[in-house]
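S.K.:
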Amino acid sequence: QKEVEQDPGPLSVPEGAIVSLNCTYSNSAFQYFMWYRQYSRKGPELLMYTYSSGNKEDGRFTAQVDKSSKYISLFIRDSQPSDSATYLCAIPSGSARQLTFGSGTQLTVLP
Amino acid sequence: EADIYQTPRYLVIGTGKKITLECSQTMGHDKMYWYQQDPGMELHLIHYSYGVNSTEKGDLSSESTVSRIRTEHFPLTLESARPSHTSQYLCASSESGHSVPFFGSGTQLSVL
């Protein structure tokens, strides 16, 4: 079983829609969680960083962590065509606390 | 401006050539990383460094080697490139401790 599993997509939504992106993880010891956004042929850029269970909001983006279910989500409100990208969840794991990434969900927001 | 730079952005090279992918950061970070990413696939850590003269292999086995002689510089070398090395290589850096890596724009390598 992979340490981090992510809904593969691809996902296509109309402009203005609410988008939900999800990951599950296997190790209950994981304590903090990240979401990266990656545009085509670019490096990932950090979008959200959460440490505890519950919600964290930043503009149109909300990161949600449910440690009891080992489930993390990223919600995008009022989605825009510029949000079209691949979204990666990432969790520090292993003895060296290096990031383990999900496989990414490709999102397309149609104008 | 503090940033992380990778060169070249694109490289097409023949089998058997030696190549070095450059990565430099001006953020003063101690930790640096190399990830490999195939299209539509997850990132895999291939090398990391905690600081000068420190290098470790990552989760994914790689025929590449790295060096860390200066804090800001973390080059990756392939002694003899093969078509199986075709991939995107992403360099990242972070502060020590539980810190978030920042990524460069990547080098897209194609070996013919």
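Chains A and B supply the protein sequences, listed in that same order.
Heads up: the first sequence runs through residues 20 to 130, numbered per this note's numbering.
Heads up: the second sequence runs through residues -10 to 101, numbered per this note's numbering.
Glycine residues also receive a C-beta, built at the ideal position from the N, C-alpha and C atoms.
Since we're looking at a predicted model, the values are computed, not measured.
Return the first residue and the last residue of the beta strand (DSSP E) that Gln57 (chain A) is part of.
M.R.: Phe52 to Gln57
S.K.: For the beta strand (DSSP E) containing Ala81 (chain B), list its first residue and its last residue.
M.R.: Looking at the DSSP string, the run of the beta strand (DSSP E) that includes Ala81 (chain B) is Ser76 to Ser83.
S.K.: Secondary structure at Asp102 (chain A), three-state DSSP: helix, strand or coil?
M.R.: Reduced to three states, the DSSP call for Asp102 (chain A) is helix.
S.K.: Would DSSP call Pro29 (chain A) helix, strand or coil?
M.R.: coil
S.K.: Given this structure, state the Cα-to-Cα distance separating Gln25 (chain A) from Ser71 (chain A), to the nearest angstrom.
M.R.: Computed Cα separation, rounded: 20 Å.
S.K.: Can you tell me where the beta strand (DSSP E) holding Glu45 (chain B) begins and where it ends?
M.R.: Judged by DSSP secondary structure, Glu45 (chain B) falls within the beta strand (DSSP E) whose first and last residues are Ser43 to Lys46.
S.K.: Excluding five sequence neighbours on each side, which residues of the same chain lie with their C-beta closer than 7 Å to the C-beta of Arg79 (chain A)?
M.R.: Sequence-distant Cβ neighbours of Arg79 (chain A) in its own chain, meaning closer than 7 Å and more than five residues away, are Ile95, Arg96 and Asp97.
S.K.: Anything in chain B within Cβ reach of Lys120 (chain A), meaning under 7 Å, just list it in chain order.
M.R.: The question names Lys, yet the displayed sequence has Phe at residue 120 (chain A). Per Cβ cutoff of 7 Å: Glu31 and Leu32.
S.K.: Is the CB of Glu64 (chain A) under 8 Å away from at least one CB in chain B?
M.R.: yes
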